[in-house]
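Residue numbers (my numbering): 639 to 799.
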Amino acid sequence: MSSRRVIVHDWLSRETAADGYGRTGADSDGEIEGRVRRALAMLSEDERELMVRFYYMGCREQEIAEATGLTVARVCSVRRRATGKFRRLLGPFVRERFAVDVAETMTGCPICDSTFREEIDLLIARRDRRGTWRPVMQAIWERYGIRIPSPQMLMGHERNH
């Protein structure tokens with residue numbers, strides 16, 4: 639975990655930005671707060687709790703693990719997944735409102751980062767559920783040149799993306 643992490647407890651109620659990063663002043667209509675709250679509501683209960691504890695309350699991952707009974711590794715995993723979902727949910731709004739391009743290709747998932755994502759998603763959806771992932775992994779390699787090292791990567795993509 640980076641020690642340079644910025645924790646802002648009251649960022650939703652700030653009137654203006656002190657750092658000048660493209661913000662345009664007061665959020666008089668509450669649009670930003672509403673968008674953030676809607677994005678948080680779209681996360682699972684565990685993801686939402688972790689995001690609030692980590693980013694809003696400033697708890698460290700170890701503290702969250704102790705409070706929730708999860709391992710630190712699990713907390714890190716859930717935080718990464720939740721942050722990625724949050725970024726994807728708010729990306730279009732941030733791009734439109736603040737003219738900041740939120741790189742949607744920074745997911746770390748080779749399928750999501752691929753220009754062939756829709757085709758690969760179809761391939762995954764049409765796979766034989768009674769069989770193994772091997773034919774899908776092989777087809778992705780042969781057709782799109784993307785090496786999938788394990789079935790878990792495909793299962794994670796299918797479940798989380």
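For every residue, glycine included, the Cβ atom is placed at its ideal position computed from N, Cα and C.
Taking the alpha carbon of Ile-749 as the reference point, which residue from Glu-734, Val-674 and Arg-785 has its own alpha carbon closest?
Numbered from 1 along the sequence shown, position 111 holds the residue referred to as residue 749. Of the candidates Glu-734, Val-674 and Arg-785, the one whose C-alpha sits nearest the C-alpha of Ile-749 is Arg-785.
Sufficient close CB pairs (3 or more, under 8 Å) joining the segment 748–762 to the segment 782–796
yes
For the structure I just gave you, are there three or more beta carbon pairs, one from the segment 711–723 and one from the segment 753–761, closer than 8 Å?
no
Own chain partners of Glu-699 with C-beta closer than 8 Å, once the 5 adjacent residues on each side are dropped:
What you label residue 699 is simply residue 61 of the sequence shown in a count that begins at 1. These residues qualify, in order along the chain: Met-639, Phe-692, Val-710, Val-713, Cys-714 and Arg-717.
Give a yes or no on whether the C-beta atoms belonging to Phe-724 and Met-689 are separated by under 8 Å.
Position 86 of the sequence shown, counted from the start, is the residue given in the question as residue 724. Position 51 of the sequence shown, counted from the start, is the residue given in the question as residue 689. Yes, these two residues count as a Cβ contact at 8 Å.
Just the C-alpha distance for Gly-707 and Gly-722, rounded to the nearest angstrom, thanks.
Looking up residue 707 in the sequence shown gives position 69. Looking up residue 722 in the sequence shown gives position 84. So the two alpha carbons sit approximately 23 Å from each other.
Option in Arg-726, Glu-780 and Cys-697 with minimal Cα separation from Arg-676
Working through the sequence shown from its first residue, we reach residue 676 at position 38. Among Arg-726, Glu-780 and Cys-697, the Cα nearest to that of Arg-676 belongs to Arg-726.
Excluding the 5 residues preceding and the 5 following Ala-679 in the sequence, name in chain order all residues of the same chain whose CB lies nearer than 8 Å to its CB.
Along the sequence shown, one-based indexing puts residue 679 at 41. If we look at Ala-679 and ignore the five residues flanking it on each side, its Cβ neighbours are Arg-686.
Close Cβ partners of Trp-779 (< 8 Å) along its chain, the five nearest in sequence each way excluded:
For the purposes of this step, residue 779 is taken as the residue at position 141 of the sequence shown. Arg-785 and Ile-786, listed in sequence order.
Glu-701 versus His-799 - alpha carbon distance
Translated into the one-based positions of the sequence shown, residue 701 becomes position 63. Translated into the one-based positions of the sequence shown, residue 799 becomes position 161. The alpha-carbon atoms of Glu-701 and His-799 are separated by roughly 28 Å.
Supposed contact pair Leu-760 and Val-774 - C-beta distance, whole angstroms, cut 8 Å:
As a first step, residue 774 must be located in the sequence shown, where it is residue number 136. As a first step, residue 760 must be located in the sequence shown, where it is residue number 122. Not quite, the Cβ-Cβ distance comes to about 11 Å (not below 8 Å), so this is no contact.
Quick check on this structure: which residue in Glu-734, Ile-758, Ala-737 and Gly-668 has the alpha carbon closest to the alpha carbon of Gly-783?
Along the sequence shown, read from residue 1 onward, the residue named residue 783 stands at position 145. Looking at the Cα atoms, Ile-758 is the closest of the given residues.
Just to confirm my understanding: we take Asp-684, look at its own chain, exclude 5 residues before and 5 after, and list those with CB closer than 7 Å. What are they?
In the sequence shown, counting from the first residue as 1, residue 684 sits at position 46. Excluding residues within five positions, the ones whose Cβ falls inside 7 Å are Val-716.
How far does the alpha helix (DSSP H) with Trp-779 in it extend, from its first residue to its last?
In the sequence shown, residue 779 corresponds to position 141, counting from 1. Residues 772–782.
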